[in-house]
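Quick notes on the structure that follows.
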């Protein structure tokens, strides 16, 4: 079973917006065991869309068209499908009612041209899910099929998950359940992970199920995705659980979370379970550590606050940092103790260093001291970080949170 | 002149990484006056790349291939081009030397397979710019041309700007200079901007030069891009300057900056010019305001620090906020005064409110009070914000910085 993806919209070709939809769809197709050899972007032009459809259905079994289903004259996806099918467009009264209801529910006037969205090529049907005002389409053509979904990512995803992926799997004759689970890691390169997991990869290459894939997630570490296929959920879940156990045995505590967890959500959970409160003193990270923690709903259970001591005299006056260099181990330790006492927390973290672009106190860019105060104990660490200002600040935050995570797990 | 873009890499089809290169290239082509009707993604597969090349050069004059120029066996872009051209690959001794030098300069061992990167199809030549270890290629075929660049965005951009765009313009016989300038705005919807600028858009539709385009930039406001074409730089710059004057006359101070400027860089510049220092007290934004300010190099000239007073008792104890509700106008004003005095700054900003997901003090999610203290004066504002937790926090920060910007400009 092969399926292509065509993203439609002149703004995509002009670089006025980036097509992230086809990337997400590609991932879902791969997880469903459906091959996707080509993806394309094309403007709002009927003839070019028809040409691409002709080509795509010549070499694949299905095409997902994404975008161009809106109410304006620019939106020509419906017309292009009708022309490719050699069918006329017919207004669907049931869809007219649904679109009217949507506007009424939001207490908005419906412009008349929105009714264009109820036009369906004869032989096609609308997709059951309709989270917005644009209906999606399923258009069977002999043994092949065209799907059309809106370009709004949330609407596209709802239709993919609700109707299109199940329909594709049914057409592929696949009864298999496919699921995946992602382990999030911090502290190893991709080649390091591959080396550690070489034994598992070799073993899995023989069986082909489950599979392991490494996914980069920018500055936030690497993901190890376990994907398993089976006859039912229980079998798949057991395969994943067993593989997760084996992978965790190898990787140990460089796995910091799973799926949607982040370093900060994991640290907040660990502190909450231990009934510990947290305060933070930041210099080079300038509020980034506090900001990432408070981005998580429920942070207020744990997080008391932060002093961003950007000017040196603020460090001396409010955190008890001794006069002298502030990019130093001593300053980091004093900042952690200082903010713990100032804000009355059980645990405190502190950062000081050189984010760049210029050196400071004769220390090169990327020199960072972090500190962690738990009860009477204070631990410090010197980091030498590469990258630009933004990367140095982010690595400092994630690295320090990871130190606290490991410390809490070890306690 | 028509040019297509093909992004190469199986990881792009599987959604393991998002293709942002072709979007950026599309923007550059549009700015250079070159039409781009199709963009595609394909895996690391020689035959499929050859098929796409055949198709693309059948309907367009040029193709830019992006990716697949690395040293591993997966990287087959060179082979695919050679096959399409009916040419053999020949190792270029000058490229071998350049690649060796790159490794030597970084004090790294060069694995032997890196020499594959010096293979060039007979009839093609390498691109002068080579920021990494992968050479780019220019492959003329009759009157048409294939360019190949690495998938690493910074390397791709250097080659595009240095060689490919000038070569394309030369082939298009275009002597015209095209430049653009982007005005960044805050506080108007796209339809609001379009309405305000309807007169300009109509006037420009008649002349066709310069042109105006609206670009969304997510949560950071809307951009108005002015693009002009002319015989030389002086003429183009004059056209842009005149149009910028007319657009600014209409939009007034909702234009906060140009091109790479951000709301925070503009505010820091205004404070620096006025020799004023800044401190910040944050509740719902939890460090995000401080973090955005300190993300800008040189913030330390202006920014003294912040108190993130997340727990209510931190507000009472350290900022002089009276006992009672903390999501209130009075609390915001007291936080601003309190942090100005605590950290010894000329200007102070404060935020308090409900970021969600749950209401607080019986106030609904999205209720936000912000305050601004300048000298003896304190101004407050009540905002009712929509969106999720992340959006409410970001809107609060940008909105408050915008208030300070307008206040400083009015003073």
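Chains as they are written, first to last, in the numbering used here: chain A, 1 to 411; chain B, 1 to 411. Yeah, the Cβ is synthetic: ideal placement off N, Cα and C, and Gly gets one too.
Amino acids of chain A, ordered along the chain, whose beta-carbon sits closer than 8 Å to that of residue 300/B
Under the 8 Å cutoff, chain A gives 310, 311.
Beta carbon proximity, residue 66/A to chain B, threshold 8 Å:
Residue 66/A is outside the set of residues whose beta carbon lies under 8 Å from a beta carbon in chain B.
Mind listing which residues of the region 37 to 58 of chain A have their C-beta closer than 8 Å to chain B's C-betas, in chain order?
Closer than 8 Å at the C-beta level to chain B, one finds these residues of the region 37 to 58 of chain A: 37, 38, 39, 40, 41, 42, 43, 45, 48, 52, 55.
Helix, strand or coil for residue 348/A? Go by DSSP, reduced to three states.
If DSSP states are grouped into helix, strand and coil, residue 348/A belongs with the strands.
Name the chain A residues whose beta carbon is nearer than 8 Å to that of residue 83/B?
The contacting residues do not exist; residue 83/B stays about 18 Å from chain A at best.
Looking at the structure shown, is residue 327/A part of a helix, part of a strand, or coil, going by DSSP?
Three-state DSSP puts residue 327/A in coil, outside helix and strand.
Taking Cβ-Cβ distances shorter than 9 Å, what residues in chain B pair up with residue 149/A?
By Cβ distance, chain B contributes nothing, its closest Cβ being about 16 Å from residue 149/A, past 9 Å.
Taking only three categories from DSSP, how would you classify residue 140/B?
Looking at residue 140/B - three-state DSSP - the assignment turns out to be strand.
Hey, out of 6/A, 50/A, 49/A, whose CA is closest to residue 36/A's CA?
That would be 6/A, whose Cα lies nearest to the Cα of residue 36/A.
Report yes if the C-beta distance between residue 368/A and residue 383/A is below 8 Å; otherwise report no.
For residue 368/A and residue 383/A, yes; Cβs fall inside 8 Å.
Can you tell me which of the three DSSP states residue 125/A falls into?
Residue 125/A falls in the strand class under three-state DSSP.
Cβ neighbours of residue 177/A in the same chain (closer than 8 Å, five flanking residues each side left out):
Excluding positions up to five away in sequence, the list reads 229, 230, 231, 232, 233, 235, 236.
Residue interval of the alpha helix (DSSP H) (run including residue 250/A)
Unbroken alpha helix (DSSP H) run through residue 250/A: 233 to 251.
Which stretch, first to last residue, makes up the beta strand (DSSP E) that contains residue 130/B?
Unbroken run through residue 130/B: none, as it is neither H nor E.
Once DSSP output is grouped into helix, strand and coil, what is the label at residue 88/A?
DSSP places residue 88/A in coil when its eight states are reduced to three.
Please classify residue 149/B as buried or exposed, where buried requires at least 16 other C-beta atoms within 10 Å of its C-beta.
By the neighbour-count definition (other C-beta atoms within 10 Å, threshold 16), residue 149/B is a buried residue.
Count the CB pairs spanning the region 179 to 199 of chain B and the region 350 to 367 of chain B that are closer than 8 Å, and state whether there are at least three.
The region 179 to 199 of chain B is not in contact with the region 350 to 367 of chain B.
Beta-carbon proximity of residue 72/B to residue 49/B, cut-off 8 Å
It is not a contact, given that the beta carbons lie outside the stated cut-off.
Report yes or no: do the region 330 to 337 of chain B and the region 257 to 268 of chain B share at least 3 C-beta pairs separated by less than 8 Å?
When Cβ pairs closer than 8 Å are counted between the two stretches, the region 330 to 337 of chain B is seen not to touch the region 257 to 268 of chain B, the count staying below three.
Presumed contact (8 Å Cβ cut-off) between residue 391/A and residue 219/A, rounded CB distance
Contact between residue 391/A and residue 219/A holds, since their C-beta atoms are separated by about 6 Å, short of 8 Å.
Which residues in chain A have a C-beta closer than 7 Å to the C-beta of residue 357/B? List them in chain order.
Within chain A, the residues near residue 357/B are 297.
I'd like to know whether the C-beta of residue 415/B is nearer than 8 Å to at least one C-beta of chain A.
In the structure displayed, chain B extends from 1 to 411; residue 415/B sits before or after that span and is not available.
DSSP three-state label for residue 20/B, please.
Residue 20/B falls in the coil class under three-state DSSP.
Residues within the region 13 to 29 of chain A neighbouring chain B, beta-carbon criterion of under 9 Å:
Along the region 13 to 29 of chain A, going in chain order, the ones with a CB nearer than 9 Å to a CB of chain B are 13, 14, 15, 16, 17, 18, 19, 20, 22, 23, 24, 25, 26, 27, 28, 29.
For residue 145/B, which residues from the same chain have a beta carbon less than 6 Å from its beta carbon, with the 5 sequence-adjacent residues on both sides left out?
For residue 145/B, where only same-chain residues beyond five positions count, the Cβ hits under 6 Å are 62.
Tell me which residue opens and which closes the beta strand (DSSP E) that residue 40/B is part of.
For residue 40/B, the uninterrupted beta strand (DSSP E) segment begins and ends at 38 to 42.
How is residue 371/A classed by DSSP in three states: helix, strand or coil?
In the structure shown, residue 371/A adopts extended strand secondary structure according to DSSP, grouped into three states.
Thinking just about the alpha-carbon of each residue, which of 129/A, 81/A, 172/A is nearest to the one in residue 143/A?
Ranking the options by Cα distance to residue 143/A, first place goes to 172/A.
Flag residue 314/A as yes if its beta-carbon sits less than 8 Å from any beta-carbon of chain B, otherwise no.
Yes, residue 314/A counts as interfacial toward chain B.
Output the distance between the C-alpha atoms of residue 343/B and residue 67/A, rounded to the nearest integer angstrom.
So the two alpha carbons sit approximately 52 Å from each other.
Mind checking if residue 306/A is an interface residue toward chain B, Cβ cutoff 8 Å exclusive?
In terms of beta-carbon proximity, residue 306/A lines the interface with chain B, with at least one pair separated by less than 8 Å.
With 16 other CB atoms within 10 Å as the buried threshold, where does residue 21/A fall?
Per the 10 Å Cβ criterion, buried.
Could you compute how far the alpha carbon of residue 318/A sits from the alpha carbon of residue 298/A?
Near 28 Å, if we compare the C-alpha coordinates of residue 298/A and residue 318/A.
If the criterion is Cβ atoms closer than 8 Å, does the pair residue 374/B and residue 405/B meet it?
In this structure, residue 405/B does not lie closer than 8 Å to residue 374/B by Cβ.
Contacts around residue 209/A, its chain only, beta-carbon distance under 8 Å, and the 5 residues preceding and following it disregarded:
Answer for residue 209/A: 228, 229, 230, 239, listed in chain order.
By the criterion of Cβ-Cβ separation under 9 Å, what are the contact partners of residue 303/A in chain B?
Near residue 303/A (Cβ distances below 9 Å), the residues of chain B are 286, 308, 310, 311.
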